[in-house]
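Student:
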Amino acid sequence: MATQQLTLPGLASYLTSNALADTATPIAPPAISTSTITTTDPSVLRRERTYRKALRQRVSENVLQFIEEYADLDMAWDMMLVETDVPINPMNINPWFADYEAGTGCVVNLLRLNDMRHINKVLESINGILRHNGHMIGCVETASHRKQGFLARIPKPFKQVAYGFDYVINRVWPKMPQLKKLYFRLTKGKNRVISEMETYGRLMSCGYKILDTIHDNGLVYFAAKKVDEPAFNTHASYGPIISLKRMGKNGKPIHVYKFRTMYPFSEYLQKYIYEAYGLQSGGKFKSDPRINTVGKFLRKYWLDEIPMLINLLRGDIKLIGVRPVSSHYLSLYPEEARELRKNFKPGYIPPFYADLPKTFDEIVASEVKYLKSYERNPLRTDLMILVQSLYNIVIKQARSN
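The structure is reproduced here in structure tokens:
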């Protein structure tokens, strides 16, 4: 689907009222300065009226008010209103009514993220045409909204069976490495299932900060601000086994394998979740909304860490040692503990299982005690941790929070 410009009548000489293809040949703008543009300019006035008319035809008054909080429709020369599932070509930006070099102030894309084959490429292209602190507004049908709508259409005796079938087809199938290409070939990337957390993770991975959201008519409309350049993550994983970047010996990053327990792109939300929810007992993020239903079960019994045996065999980690953590989580540690950690490989079985600390400070104290003991007597220390950990898990049936 080519980019569809919704606000074209006043600029017919530059754009057409038809779809605007990315291959369109750009037309040189007239010699006009943005300082000469006023709201009395007839082209601008027509564009402002077209914006509001187009929006009222597509969204409710509630959503229109939400959009106007972050998109000034009275500054029509400083924004774009589109409905596109392909990256926006900078050559197609109308430079007549904006500071073309600095970038556009706001882009509103009315197409659901669910109907985009390459979501991040679209978000990245919008980032590229926005100026710093510029706004991007879009919408998505989240997995929870989709489930509610799906079940409402199915007769009661068949709800669970039908949803189970739908879950396998639309949630499991597109995340299997060997099958996802066939899925997207058949569906063209339309009507895909996206969780709310995946949506926010994708936005943050593409250089945006989430400002606000609103739920309306089965969709989540979001407003985001450009704060950084995109991460351009070409190794994003959707399958059951994921590779997570963690800090290893001497502060060198390693990639740790685990079973997926979170929604895709959740790693980009770590700082946001910490600031919003803080830490709970056991040093984990409190009420972490990134964890999916299957993930809660896997984490409770530590089953998510089974693939880390690959790291153990590769020599990235040792059998007993402090758990590998992300750079953000490590930044929460006191400096002394951070420096001490750098001297050792992380481990598959951490002292956490032996001491079962409740608070973050207790976790740090447990790890520092282990590392200092390991420096003095490595073999004895690891044997003690192993025996106590097995006792807690097997006999006392300790479980992860």
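Here the sequence shown is numbered in this note's numbering, starting from 727 and rising by one per residue.
The C-beta atom is built at its ideal place from N, Cα and C for all residues, glycine as well.
Note that the structure is predicted; figures quoted are calculated from it, not measured.
On the three-state DSSP scale, how would you describe D942?
Tutor: In this structure, D942 counts as strand in the three-state DSSP scheme.
Student: Mind listing, in chain order, the continuous beta strand (DSSP E) runs of no fewer than 3 residues lying wholly within the region 848 to 899?
Tutor: Runs found: 856 to 866.
Student: Starting from the C-beta of T764, find all residues in its chain whose C-beta is less than 7 Å away, skip the five residues before and the five after it, and write them out in chain order.
Tutor: Model confidence at T764 stands at a pLDDT of 47, short of 50, so the residue's coordinates are unreliable; what they give is reported in the following sentence. Result list for T764: empty, nothing under 7 Å.
Student: Quick one, which of Y983, Y1079, L937, V1094 has its alpha-carbon nearest V1120's?
Tutor: Of the candidates Y983, Y1079, L937, V1094, the one whose C-alpha sits nearest the C-alpha of V1120 is Y1079.
Student: Can you tell me whether R879 is buried or exposed, with buried defined as 16 or more other CB within 10 angstroms of its CB?
Tutor: R879 should be labelled exposed.
Student: Mind listing, in chain order, the continuous alpha helix (DSSP H) runs of no fewer than 4 residues lying wholly within the region 1083 to 1117?
Tutor: Entirely contained in the region 1083 to 1117, the alpha helix (DSSP H) runs reaching 4 residues are, in chain order, 1086 to 1102, 1104 to 1116.
Student: Might you give, ordered along the chain, the residues of its own chain that have their beta carbon closer than 8 Å to the beta carbon of A869, omitting 5 neighbours on each side?
Tutor: Excluding residues within five positions, the ones whose Cβ falls inside 8 Å are R897, V919, I920, S921, E922.
Student: Tell me the DSSP bridge mates of A1124?
Tutor: The partner list for A1124 (beta bridge, DSSP) is empty, contrary to what the question assumes.
Student: Please confirm if the region 1044 to 1054 is in contact with the region 1065 to 1073, defined as three or more CB-CB distances below 8 Å between the two stretches.
Tutor: As far as the Cβ criterion goes, the region 1044 to 1054 touches the region 1065 to 1073, which means the pair count is three or higher.
Student: According to DSSP, is A950 part of a helix, a strand, or is it coil?
Tutor: Three-state DSSP puts A950 in a strand.
Student: Can you find the residues in the same chain that come closer than 8 Å, C-beta to C-beta, to L1116, ignoring five residues on each side of it along the sequence?
Tutor: Excluding sequence neighbours, L1116 sits near nothing in its chain.
Student: So, are the CB atoms of L929 and E867 less than 8 Å apart?
Tutor: Not in contact: L929 and E867 (Cβ atoms no closer than 8 Å).
Student: Return the first residue and the last residue of the beta strand (DSSP E) that E809 is part of.
Tutor: Run containing E809: 805 to 809, per the beta strand (DSSP E) assignment.
Student: If you reduce the DSSP assignment to three classes, tell me which class F1070 lands in.
Tutor: DSSP places F1070 in coil when its eight states are reduced to three.
Student: Could you tell me if E787 is buried or exposed, where buried requires 16 or more neighbouring beta carbons within 10 angstroms of its beta carbon?
Tutor: Exposed, because fewer than 16 other Cβ atoms sit within 10 Å of the Cβ of E787.
Student: Do D804 and T776 count as a contact pair if the criterion is CB distance below 8 Å?
Tutor: No, the pair does not count as a contact, with Cβ atoms beyond the cut-off.
Student: Who are the near neighbours of F910 in its chain, counting only those whose CB is closer than 8 Å to its CB and skipping five residues on each side?
Tutor: Same-chain partners within the cutoff: R843, P900.
Student: In whole angstroms, what separates the C-alpha of P1015 from that of P881?
Tutor: Straight-line Cα distance between these residues: approximately 30 Å.
Student: Three-state secondary structure (DSSP) at L721?
Tutor: No answer is possible for residue 721: it lies beyond the span of the chain, which begins at 727 and ends at 1127.
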